[in-house]
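Engineer: I'd like to ask you about the structure that follows.
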Amino acid sequence: MEKTMSQESGSELDVERIKRDFPVLQSQNNKMPLVYLDSGASSQMPQSVIDRINHYHQNEHANIHRGVYTLSEQATASYENSRSIVAKFLNVADSSQVIFTKGTTHAINLVAHAFGRAFIGEGDEILISHMEHHSNIVPWQQLCEEAGAILKVIPITDEGELDFDQYEQLLSDRTKIVAVTHVSNVLGTINPIKEMVSVAHKKNVPVLVDGAQGAPHMKVDVQELDCDFYIFSGHKVCGPTGIGILYGKRELLERMNPYEGGGDMILSVTFEKTTYADIPAKFEAGTPPIAAAIGLGEAINYLESVGLDNIARHEDMLTVKATEALMQIDNLTVYGTAPNKAGVISFNVKGVHPHDMGTLLSDDGVAVRAGHHCAQPVMIRYKVPATTRASFYLYNTLEDIDRLVMSVRGAQKLFN
Amino acid sequence: MSSKQMYQEVILDHCKKPRNWGTLSEPTHKAEGINPLCGDHILVSMNVVDEKIEDIQYEGESCAICMASGSMMTAKVKGKVCAEALDMTEQFRVLTTEPDGADRGEGLGSLAVFSGIRDLPSRVKCALLPWHTLIAAINSQTEISTEGDKDPVPGSGTKKG
Numbered sequence: 157m158e159k160t161m162s163q164e165s166g167s168e169l170d171v172e173r174i175k176r177d178f179p180v181l182q183s184q185n186n187k188m189p190l191v192y193l194d195s196g197a198s199s200q201m202p203q204s205v206i207d208r209i210n211h212y213h214q215n216e217h218a219n220i221h222r223g224v225y226t227l228s229e230q231a232t233a234s235y236e237n238s239r240s241i242v243a244k245f246l247n248v249a250d251s252s253q254v255i256f257t258k259g260t261t262h263a264i265n266l267v268a269h270a271f272g273r274a275f276i277g278e279g280d281e282i283l284i285s286h287m288e289h290h291s292n293i294v295p296w297q298q299l300c301e302e303a304g305a306i307l308k309v310i311p312i313t314d315e316g317e318l319d320f321d322q323y324e325q326l327l328s329d330r331t332k333i334v335a336v337t338h339v340s341n342v343l344g345t346i347n348p349i350k351e352m353v354s355v356a357h358k359k360n361v362p363v364l365v366d367g368a369q370g371a372p373h374m375k376v377d378v379q380e381l382d383c384d385f386y387i388f389s390g391h392k393v394c395g396p397t398g399i400g401i402l403y404g405k406r407e408l409l410e411r412m413n414p415y416e417g418g419g420d421m422i423l424s425v426t427f428e429k430t431t432y433a434d435i436p437a438k439f440e441a442g443t444p445p446i447a448a449a450i451g452l453g454e455a456i457n458y459l460e461s462v463g464l465d466n467i468a469r470h471e472d473m474l475t476v477k478a479t480e481a482l483m484q485i486d487n488l489t490v491y492g493t494a495p496n497k498a499g500v501i502s503f504n505v506k507g508v509h510p511h512d513m514g515t516l517l518s519d520d521g522v523a524v525r526a527g528h529h530c531a532q533p534v535m536i537r538y539k540v541p542a543t544t545r546a547s548f549y550l551y552n553t554l555e556d557i558d559r560l561v562m563s564v565r566g567a568q569k570l571f572n
Numbered sequence: 518m519s520s521k522q523m524y525q526e527v528i529l530d531h532c533k534k535p536r537n538w539g540t541l542s543e544p545t546h547k548a549e550g551i552n553p554l555c556g557d558h559i560l561v562s563m564n565v566v567d568e569k570i571e572d573i574q575y576e577g578e579s580c581a582i583c584m585a586s587g588s589m590m591t592a593k594v595k596g597k598v599c600a601e602a603l604d605m606t607e608q609f610r611v612l613t614t615e616p617d618g619a620d621r622g623e624g625l626g627s628l629a630v631f632s633g634i635r636d637l638p639s640r641v642k643c644a645l646l647p648w649h650t651l652i653a654a655i656n657s658q659t660e661i662s663t664e665g666d667k668d669p670v671p672g673s674g675t676k677k678g
C-alpha cells in the first residue's frame, strides 16, 4: 500500500488537540468527516471564542461608551480590552491607533475615502499591485474617478512575485499612496512589505497593507514593517464575521476626516458645527459590533496561546507537503510558485473545470474554494477563468492533505 | 443522489460527447451567453423556419454541468417550435430551482437528472446558462449574462430550494 503523508511526522503543533477545539471541524459533510481547506475565505472559530461571545450576550450586553451603569461600563471595558489585545498583537504602541471596522473591505474603503479626500487630487497617482483582491482595487478606482487621480499597477512575474524593479520605477513624484496586499489570496505570495515601505518612504509615500491573508498566518509587527496602515479581518483569524481592524499612524489618522458621521464619533454637535472626537472614536460612528469585537480579542488570545510562529511553521510544512503531492498528479498546474509563500495553493487539473472540481471534492467532504477568488486580474494574468484553491490553517493535518490529494485524483479519474 | 452519481450518470457522457456541438454557418438566430463569475462562455445558433427550430448548435468553454445541460438542451428542442422550447425552458427552471421541481419536471425526460442541482445552489447558474442563451437567441438578443441587467431571467440562478 502506498504510504500516505499523515503517517509521517512533521509538525511541532499538537494539531489533533487543536482540531478538537473547533466544533465545526468535528462535523460531517456528505457523510464524511469535514476536511476544511477554505480558511483563506473564512477560518473556523474555536469553542473559547464561541463561549466568549455567548458569555457577552448572556451576561454583559449593553451599549458602550454611554451608560453610567455597571453593565454598560463592563461592556465598554471588554470592548476596549479587545482593542488593547489587537494593539499588542500588531505591536502598536498606542491602542488609540487601532480602529474597529466591519472588516477588511470596510477598512480599505475608510482609508480610500478619508485619506483620499484629505490628500489625493487630480493627476495624483495611486499604486496597487496586480495581485490585489477586488477590495483593494475597487475603492481606489472609485477614488480615482471622483478625484481625477490615476491608478497604477505593479506587475507580477510568472512565479507570482511582485516585480520590485518595476515597483521602484512606478513610484513617482505624483504617487500619493501605495496599497498592497501582505499575502496574495490566490498565489500565496508573501510580499516584501518592509522593503516596499522603505522604498516608498524615501519618496514620502505612505503604504497601506491589506493584511487579510497576512495577520492570520504570521507575526505582524507594524512598527518593524513601518507601514502606515495595516488592515485585517476578524473572521480570518478564528474570530467572528462583521469585525475588522484598521491600524493607522497617528499623524495620518488625525489629518483624515471621518468616513462616516453619527453617534460616538463627536465631541459636540450643534446645528452650526460638529466637533469630531479624537481617534479611534472619530472613525467608529454608531454602535459597533460589540460582541464581534470582544470575540476577536478572544480569537487573538487563542492564536497567541498556540503561537503565531508555530502556526506559520505548521502552515509552511503543510504547504510544502501539499504542493509536492499535488505536483505528482499529471496535468495539474499550480499557480503561484514564489519561494516565500503562505498556506494557499491554487491549482487546476487539465480537463476538469475548477467548479466541477470543487463540487466533486465537496462530495468527499473536502471544502475548497473554486472561482476567481475576487481577484479577476490575477485570473487574466494567468489566462484561466478560475482556479481551485486549498488554503490551510493551524487546525489542518497531513491527513487533510491526503484526503485532498486523493479526492483530486478521483475527480481527474472521473473525467478521463 | 450524490454529485458524483449525477456526473457519472449523465453529465460526463454529454461532456465527453456533446451533441450538436458547433456553430451554424448562417443561422437565423444566435446568442452568446456568459457567466462572468466563473468564466463560462457559450454560443447558441439556430435556424428557425416558420417558428420551428430546424437546426440548433452550441459550443463554448464551460464547466461540465453547463456543457451537459447545453448538449441535452439542443437534443431536446431540435425540431420543436419556439413556443415549446420556451415552455421547456420554464420547466427546466422549475426543475432546477423550485423545492418541488423534481415532481414537476416529468415532461423533461432525461433532463430530470438536473433536479439534483437544487442541492448545489451555487451551480444552478451553470445548468441554466444554455437555456437562458436559448431564450436570448429566440428573442434575438445578441448577448446575455447570468449577472445584471443582461440576465433574461433575473434572480433565477440564486434562488435556493
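Protein chains in written order, with the numbering used here: chain A, 157 to 572; chain B, 518 to 678.
All C-beta atoms, glycine included, are put in the ideal place defined by N, C-alpha and C.
1) I need the straight-line Cα distance from Glu526 (chain B) to Asp194 (chain A), nearest angstrom please.
2) For Val339 (chain A), I'd like the list of residues in its chain whose CB is within less than 6 Å of its CB, leaving aside the five on either flank, ordered along the chain.
3) Run the CB neighbour count on Ile536 (chain A), radius 10 Å, all protein chains shown included, and call it buried at 16 or more, exposed below.
4) Which same chain residues end up closer than 7 Å to Val577 (chain A) when comparing Cβ atoms and leaving out the 5 residues on each side of it in sequence?
5) So with CB distances below 7 Å, who are the chain B contacts of Asp519 (chain A)?
6) Quick one: list the residues of chain B neighbouring Gly527 (chain A), beta-carbon separation under 8 Å, in chain order.
7) What is the DSSP secondary structure of Ile318 (chain A), reduced to helix, strand or coil?
8) Give a yes or no on whether 8 Å exceeds the smallest Cβ distance from Arg536 (chain B) to chain A.
9) Any idea what DSSP makes of Pro189 (chain A), helix, strand or coil?
10) Using only alpha-carbon positions, find the residue among A:Asp314, A:Asp519, A:Ser251 and A:Gly395 that is nearest to Pro189 (chain A).
11) What are the residues of the segment 563-590 of chain B that lie near chain A, defined by any Cβ-Cβ distance shorter than 9 Å?
12) What does Leu637 (chain B) reach in chain A if we use C-beta pairs closer than 7 Å?
13) Threshold first: 3 residues or longer. Then list the beta strand (DSSP E) segments lying entirely within the segment 541-581 of chain B, N to C.
14) Given Gln379 (chain A), which residues of its chain have a CB within under 8 Å of its CB, disregarding the five upstream and five downstream residues?
15) Going by C-alpha distance, which of A:Gly566, A:Phe178, A:Ala449 and A:Ala526 is nearest Asn237 (chain A)?
16) Taking Ile276 (chain A) as the reference, which of A:Asn292, A:Lys332, A:Gln203 and A:Phe388 has the closest Cα?
17) Is the CB of Leu529 (chain B) under 8 Å away from at least one CB in chain A?
18) Could you give the distance in angstroms between the alpha-carbon of Ser291 (chain A) and the alpha-carbon of Glu416 (chain A)?
19) Nearest CA to the CA of Lys375 (chain A): which residue from A:Pro541, A:Val363, A:Asp280 and A:Phe388?
20) Does the Cβ of Gly556 (chain B) have 16 or more other Cβ atoms within 10 Å, making it buried, or fewer, making it exposed?
21) Is the shortest distance between the beta-carbon of Phe571 (chain A) and the beta-carbons of chain B less than 8 Å?
22) Taking the continuous beta strand (DSSP E) assigned at Thr337 (chain A), which residues delimit it?
23) So, Val355 (chain A) versus Phe385 (chain A), is the Cβ gap smaller than 8 Å?
24) Can you tell me whether Leu283 (chain A) is helix, strand or coil according to DSSP?
25) Comparing the C-beta of Cys599 (chain B) with each C-beta of chain A, is any distance below 8 Å?
26) What residue from A:Asp321, A:Tyr491 and A:Ser199 has the CA that sits closest to Glu351 (chain A)'s CA?
27) Would you list the one or two residues that DSSP bridges to Lys497 (chain A)?
28) Quick one: which chain D residues come within Cβ less than 8 Å of Asp512 (chain A)?
29) Only counting the same chain, and skipping five residues up and downstream in sequence, which positions put a Cβ closer than 8 Å to that of Glu460 (chain A)?
30) Going by DSSP, what residue range makes up the beta strand (DSSP E) through Thr431 (chain A)?
31) My understanding is that Ser228 (chain A) touches Asn219 (chain A), with C-beta atoms under 8 Å, so please give their C-beta distance in whole angstroms.
32) How is the beta strand (DSSP E) around Ser657 (chain B) delimited, first residue to last?
33) Return the Cβ separation of Ile310 (chain A) and Ser328 (chain A) in integer angstroms, given the expectation that the two are a contact with Cβ distance under 8 Å.
34) Output yes if chain B places a C-beta closer than 8 Å to the C-beta of His290 (chain A); else output no.
35) What residue range is occupied by the uninterrupted beta strand (DSSP E) comprising Arg545 (chain A)?
36) For a contact meaning CB atoms closer than 8 Å, what does Ala542 (chain A) contact in chain B?
Structural biologist: Looking at the atomic coordinates:
1) 29 Å
2) Ile346, Gln369, Gly370 and Ala498
3) exposed
4) Outside the modelled stretch of chain A, which goes from 157 to 572, sits residue 577 (chain A), for which no answer is possible.
5) Ser519, Ser520 and Lys521
6) Leu554 and Cys555
7) The question names Ile, but residue 318 (chain A) in the sequence shown is Leu. Correct three-state label for Leu318 (chain A): strand.
8) no
9) strand
10) A:Asp519
11) Glu578, Ser579, Cys580, Ala581, Ile582, Cys583 and Met584
12) Thr515
13) 546-552, 557-566 and 569-578
14) Asn247, Val248 and Ala249
15) A:Ala449
16) A:Lys332
17) yes
18) 19 Å
19) A:Phe388
20) buried
21) yes
22) Thr331 to Thr337
23) no
24) strand
25) no
26) A:Asp321
27) A:Thr345
28) As a matter of chain content, chain D is missing from the structure shown, whose protein chains are A and B.
29) Phe245
30) Thr430 to Tyr432
31) 6 Å
32) Looking at the DSSP string, Ser657 (chain B) is not in any beta strand (DSSP E), and its letter there is neither H nor E.
33) Actually they are not in contact, since the Cβ atoms of Ile310 (chain A) and Ser328 (chain A) sit about 13 Å apart, beyond 8 Å.
34) no
35) Thr543 to Ser547
36) Cys555 and Gly556
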